[in-house]
Amino acid sequence: MSGMDAARLREGLGDRYSRVDVVETTGSTNADLREALENGGADRTVRLAEQQTAGVGRRARSWSSPKGAGLYLSVALRPTGVPFAALGSLSVVAGLAVRGVAAQLGVDAVLKWPNDVLAGPRRAKCAGILAEAVAGGEPAVVLGIGLNVLPLGEDVPAGPGGLPATSLAEQGAADPDRTEVALALLTRFDDLERRWRASAGDLTAAGLLDDYRAHCATLGQEVRVELPGDRVLTGRAADLDATGQLLVDAADGRRVTVSAGDVVHVRPA
């Protein structure tokens, strides 16, 4: 299990990113880049870790980051011209990038709104995404992606909602090289993020919303949404709005808009 080749990664990415660092271990790449942005760090800074000791997912859940088995990376962005309200839609952009790389490697993958990528016939979780806005004068956001590349071993616990974990290798990706997967992912994300930024964070104008809809396994499902204050919404996941929020047709006939920030998890009811 070889380490990431930082030199090959930087060479392959060229001038797409302002800085690309690979570290052996850190608590959380998202926390590292959040601090960097607060201290004036540059737009399009990338940080990858061989291992995270305090990786987090949504709602401060822990994300398992076994050494050398996956990609644990974050990108710091200063998307000038994108309104604060649109920053959350970056999770959609990242989901499309991850799914695209999985497909490129021959893996059947789908998107679970708002921030999971599921793979294989059992729809096990192979990636998680976390976008965190950073307070300040101009829009700034840290986007974290955890992608399981190599087999995880038996001791990785199921995720929230009981989703089992899987990896690209376990779902048929032939001998994936983590440096090459990182290169493909960061290249694809860069292309999509530039489209998103040029459209001021408007997913429809960027041509990304229909793509996400086409690959989103949540749509059409009967779902249970756990909301703040111990409230629960059940209904059918009907559609996504222009900002990537989920529209749920509730049992009482209302159509309810659910933002990613409100959802603990969406799962089949």
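Position one of the sequence shown corresponds to residue 32 (this note's numbering), numbered consecutively onward. All C-beta atoms in this analysis are idealised placements derived from N, C-alpha and C, irrespective of residue type, glycine included. Owing to the predicted nature of the structure, the values given are computational and were not obtained by experimental measurement.
Beyond the five residues adjoining it in sequence on each side, S105 comes within less than 6 Å, by CB distance, of T60, N61, L64, R78, V173, G175 in the same chain, given in chain order. For Q202, the CB contacts under 6 Å within the same chain, skipping 5 residues up- and downstream, are V138, A150, G151 in chain order. As computed with DSSP, E169 is found in no beta bridge at all. Here G177 is buried: its Cβ has 16 or more other Cβ atoms, across all protein chains shown, within 10 Å. One thing to note: P110 has its Cβ no nearer than 7 Å to the Cβ of R226. For V106, there is no enclosing alpha helix (DSSP H); the enclosing beta strand (DSSP E) has its first and last residue at 101-108.
Annotation for A171: L68, R109, V165 place their beta carbon closer than 6 Å to its own, counting only its chain and skipping 5 residues before and after.
With a cutoff of 7 Å on beta-carbon distance, G266 and A245 are scored as not near each other.
Using a Cβ distance threshold of 7 Å, V132 and V180 do not count as a contacting pair. L277 sits close to V289, with the two beta carbons spaced by under 7 Å. The closest CA to that of A117, considering only E163, Q83, P97, E81, is found on E163.
With respect to the 7 Å criterion, A107 and G72 are classified as neighbours on the basis of their beta carbons. According to the DSSP assignment, R255 belongs to the beta strand (DSSP E) that extends over 253-258. Residue state for T84 is assigned as coil, using DSSP reduced to three classes. Annotated three-state conformation of A116 is helix, per DSSP.
Note on geometry: alpha-carbon atoms of L214 and G45 lie some 10 Å from one another. T210 carries a helical assignment under DSSP once its states are collapsed to helix, strand and coil. Taking the Cα positions, L121 is about 13 Å away from R219.
Distance from the CA of R286 to the CA of V279, rounded to the nearest whole angstrom, comes to 6 Å.
In this model, L102 and D283 are separated by some 43 Å (Cα to Cα). A distance of 7 Å or more separates the beta carbons of L127 and L240.
Around the beta carbon of A140, a 10 Å sphere encloses 16 or more other beta carbons of the protein chains shown; the residue is thus reported as buried. In the three-state scheme derived from DSSP, where H, G and I count as helix and E and B as strand, G126 is classed as helix.
Looking at the DSSP output, R267 shares a beta bridge with E253, D280. DSSP links K143 through a beta bridge to D147. N179 is bridged by DSSP to G101. Per DSSP, E201 lies in no beta strand (DSSP E) and is assigned neither H nor E.
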